[in-house]
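What follows is one structure encoded as structure tokens, with my remarks underneath.
There are 2 protein chains.
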Amino acid sequence: MTPPDRSEPAETVQDARVARTRADVSRAALQVLTSEGADALTHAHVAEIAGYSKTTLYTHWPARVELIALALDAIGDFPHQEPTGDLRTDLVGELRIFRQAVIDFRLDQILSVMAQWASVEEMAQIRDRINGGGQRPIREMLGRVFEGPGLEAAISMLSGVVACPTMMFGALPDDDVIDAAVDLILRSAPA
Amino acid sequence: MTPPDRSEPAETVQDARVARTRADVSRAALQVLTSEGADALTHAHVAEIAGYSKTTLYTHWPARVELIALALDAIGDFPHQEPTGDLRTDLVGELRIFRQAVIDFRLDQILSVMAQWASVEEMAQIRDRINGGGQRPIREMLGRVFEGPGLEAAISMLSGVVACPTMMFGALPDDDVIDAAVDLILRSAPA
Chain R
1 MTPPDRSEPA
11 ETVQDARVAR
21 TRADVSRAAL
31 QVLTSEGADA
41 LTHAHVAEIA
51 GYSKTTLYTH
61 WPARVELIAL
71 ALDAIGDFPH
81 QEPTGDLRTD
91 LVGELRIFRQ
101 AVIDFRLDQI
111 LSVMAQWASV
121 EEMAQIRDRI
131 NGGGQRPIRE
141 MLGRVFEGPG
151 LEAAISMLSG
161 VVACPTMMFG
171 ALPDDDVIDA
181 AVDLILRSAP
191 A
Chain Y
1 MTPPDRSEPA
11 ETVQDARVAR
21 TRADVSRAAL
31 QVLTSEGADA
41 LTHAHVAEIA
51 GYSKTTLYTH
61 WPARVELIAL
71 ALDAIGDFPH
81 QEPTGDLRTD
91 LVGELRIFRQ
101 AVIDFRLDQI
111 LSVMAQWASV
121 EEMAQIRDRI
131 NGGGQRPIRE
141 MLGRVFEGPG
151 LEAAISMLSG
161 VVACPTMMFG
171 ALPDDDVIDA
181 AVDLILRSAP
191 A
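As they're listed, the protein sequences go chains R and Y.
Mapping of the first sequence onto full-length UniProt numbering: position 27 corresponds to residue 27, and the numbering continues sequentially without gaps.
Mapping of the second sequence onto full-length UniProt numbering: position 147 corresponds to residue 147, and the numbering continues sequentially without gaps.
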């Protein structure tokens, strides 16, 4: 283990301060995004919620897209369930958790800003991390019974059962629709 | 046929002027949304593009959400294809047209703002009109072979094949993924 470099204490203190500011602003930005929506995510409002000056925010993160990236960066891993080993039970469970996360984490707002800023490279990386991580258990489970284009289709289709009504109609699927989707996929799995 | 009411010519001229302003601003707002994204949809910028004063825009549509509603209102019906009568061909065709519309109409940006403002009643109505109309042919086709929760699941699943990669990863599905999704759905249709 390397001992801390004592020759530059001022810089170390400075680095720690910047890291703390970043973490504070990042959490405040996510709070604003999920409680008030993307339009409320301004330098002035996030500064107020985080307890920093507007100047501090503009100095470190001059563009609005940087504030949005900070907010998304504060999103941890989405919750997943402990698999039981039964494919149908586990797929239904994952989709119910995804549905609950739409409510708990305001995934509709988060997916919306990710789509809106999709062409910005920094956002693309954050988006791939969050959405790739969110889909991973479903990808792994479906990978046992599908492959190739069928696997890609099945992953988008099961994600769509929750994401499409959420994004397109502001509504969540009932349990029987989730069950029907999983049964539909499993009925069509190659033997 | 009732003759035009000649007793209030000033009011009629005024109404026509407001309607024309509304149509101009609505088209300009949609142009800004699809070419520059939701963040560029401000009173100042839309006024500039539409060739009206900022004051005119603020007078008629004081809130930003009203500008967004105006933009969405300018969206006509989405293109659909002439059905051949063959279910597989027609479903594949609709999904390819949906994929093309993501590019031509910047559906990613449009879906994004609709999701972002989903809690505003006026937006909910516009969203239901646009998305309900967009899904109608797929709903009718799948309605021939599915019903109840299975029908709702199948509609979201096929929409999801295009919408999920678009919204979650900024990517469009290849032809073979669209084909695989339609085959998966049709394989599982009740006999």
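We put the beta carbon where it would ideally sit given N, CA and C, even for glycine.
Between the segment 149-163 of chain R and the segment 159-171 of chain Y there are three or more C-beta pairs closer than 8 Å, enough to call the two in contact.
Ranked by Cα distance from Gln31/R, the first of Arg187/R, Gln135/R, Glu66/R and Leu72/R is Leu72/R. Note on Pro62/Y: under 16 other CB atoms within 10 angstroms of its CB, so exposed under the neighbour-count rule. At a cut-off of 7 Å, the C-beta of Pro190/R has no neighbouring C-beta in chain Y.
Only exposed fits Asp176/Y, as fewer than 16 other CB atoms lie within 10 angstroms of its CB. Chain R has no Cβ within less than 7 Å of the Cβ of Pro62/Y.
From the beta-carbon of Phe98/Y, no residue of chain R is found nearer than 9 Å; the closest lies around 12 Å away. The beta carbons of Leu87/Y and Arg144/Y sit about 7 Å from each other, so the pair counts as a contact at 8 Å.
Residue contact check for Asp77/Y against chain R: no CB pair falls below 7 Å. Straight-line spacing of the CA atoms in Val13/R and Ala19/R works out to 10 Å. Under the DSSP assignment, Asp128/R falls in the alpha helix (DSSP H) whose first and last residues are Glu121 to Leu142. According to the DSSP assignment, Thr55/R belongs to the alpha helix (DSSP H) that extends over Lys54 to His60. Proximity of Asp176/R to chain Y, defined by a Cβ-Cβ separation below 7 Å, is satisfied. Within the same chain, and ignoring the five residues on either side of Gln109/R in sequence, the residues whose Cβ sits closer than 8 Å to its Cβ are Leu33, Thr34, Gly37 and Ala38. Identification of chain Y residues near Val32/R by a Cβ-Cβ cut-off of 7 Å yields none; the smallest Cβ-Cβ distance measures about 13 Å. Close to Arg127/R, with beta-carbon spacing below 9 Å, are these residues of chain Y in chain order: Met168, Phe169 and Gly170.
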